[in-house]
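First comes the structure, then the notes that go with it.
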Amino acid sequence: MVMSKFDKIDDFVPIKRFSGGQECDNIFSIQNERPLFSFDYISMNKSVFCFNSTSLGRKDYIDLLNGLKRISKYTYKEIEKENMFHFHSINWNDVNISQSDFNKCIGDNNIQLTAYQFKVFNKARVIGFIFQSVFYLVMFDRNHNAYHRDRPQKK
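Numbering follows numbering that gives the first Met the number 0, in which position 54 of the sequence shown is assigned residue number 53; successive positions increment by one, without gaps.
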């Protein structure tokens, strides 16, 4: 009997979904896992860092999906080490987004999550958090405008 790729579907174990008050993954504890992506908390209020920004077009969405598909082939450790992904945690002092605005997308202003960003294509970055190896997409920085560019040089 020939097995199809769907024969193993009974072995699938659903991933526990994030809900407020839970602790997120430490990146080192999941470094050998490959990311899965969730759209549960994507920002959809048509502002510049939202997935439905008026400046986005069909090609942006196709490039986004192709980028997520490409990145899902790597482990978190590989993504972190590979410079082309620019994967790192976010320091809220370095960006034009407040932690409060990020938390509003999740629905909990008091939550303390470690936010991460990575490059999906061209200059475009996605911003989100990780829980149970799942990268929860929250914001889409199409033109890499979230980071301050005019920071004074240290003397």
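By construction, the Cβ of each residue, glycine as well, lies at the ideal position given by its N, Cα and C atoms.
Note that the coordinates shown come from a computational prediction; the quantities given were computed from them, not determined experimentally.
Quick check on residue i: does DSSP put it in helix, strand or coil?
| i | result |
| --- | --- |
| Ser52 | coil |
| Ser28 | helix |
| Tyr146 | strand |
| Ser99 | helix |
Pull the bridge partners of residue i from the DSSP assignment, please.
| i | result |
| --- | --- |
| Gly106 | Partner(s): none; Gly106 has no beta bridge. |
| Ile129 | Phe134 |
| Asp140 | Arg124 |
| Ser42 | Answer is none; Ser42 lacks a bridge partner. |
| Val94 | Tyr146 |
| His87 | Gln116 |
With residue i as the anchor, note down where its beta strand (DSSP E) starts and where it stops.
| i | result |
| --- | --- |
| Tyr118 | Note that residue 118 corresponds to Lys in the displayed sequence, not to Tyr. From DSSP, the beta strand (DSSP E) with Lys118 extends over 115-120. |
| Leu35 | 35-37 |
Can you list, in chain order, the residues of its chain whose CB lies under 8 Å from that of residue i, leaving out five sequence neighbours each side?
| i | result |
| --- | --- |
| Ser52 | Lys45, Ser46, Phe139, Arg141 |
| Asn108 | Ser99, Asn102 |
| Phe120 | Asp62, Leu63, Asn65, Gly66 |
| His147 | Asp93, Val94, Asn95 |
Near residue i, what residues of its chain come up, given a Cβ to Cβ distance below 6 Å and the 5 sequence neighbours on each side ignored?
| i | result |
| --- | --- |
| Lys118 | Phe84, His85, Arg124 |
| Tyr40 | Cys104, Ile105, Tyr135, Val137 |
Name the two residues that bound the continuous alpha helix (DSSP H) containing residue i.
| i | result |
| --- | --- |
| Glu79 | 75-80 |
| Arg69 | 57-70 |
Report back the beta-carbon spacing between residue i and residue j to the nearest angstrom; my notes put them in contact at under 8 Å.
| i | j | result |
| --- | --- | --- |
| Ile61 | Ile70 | With 8 Å as the limit, Ile61 and Ile70 do not qualify as a contact, their Cβ atoms being about 15 Å apart. |
| Glu32 | Tyr73 | Not really, about 10 Å apart at Cβ, beyond 8 Å. |
| Ile29 | Ile96 | About 24 Å separates the two Cβ atoms, so there is no contact after all. |
Apart from the five residues just before and just after residue i, which ones in its own chain have a Cβ nearer than 7 Å to its Cβ?
| i | result |
| --- | --- |
| Phe48 | Ser42, Ile96, Met138, Phe139, Asp140, Ala145 |
| Phe38 | Leu136 |
| Phe176 | Given a span of 0 to 154 for the chain in the structure shown, any question on residue 176 remains unanswerable. |
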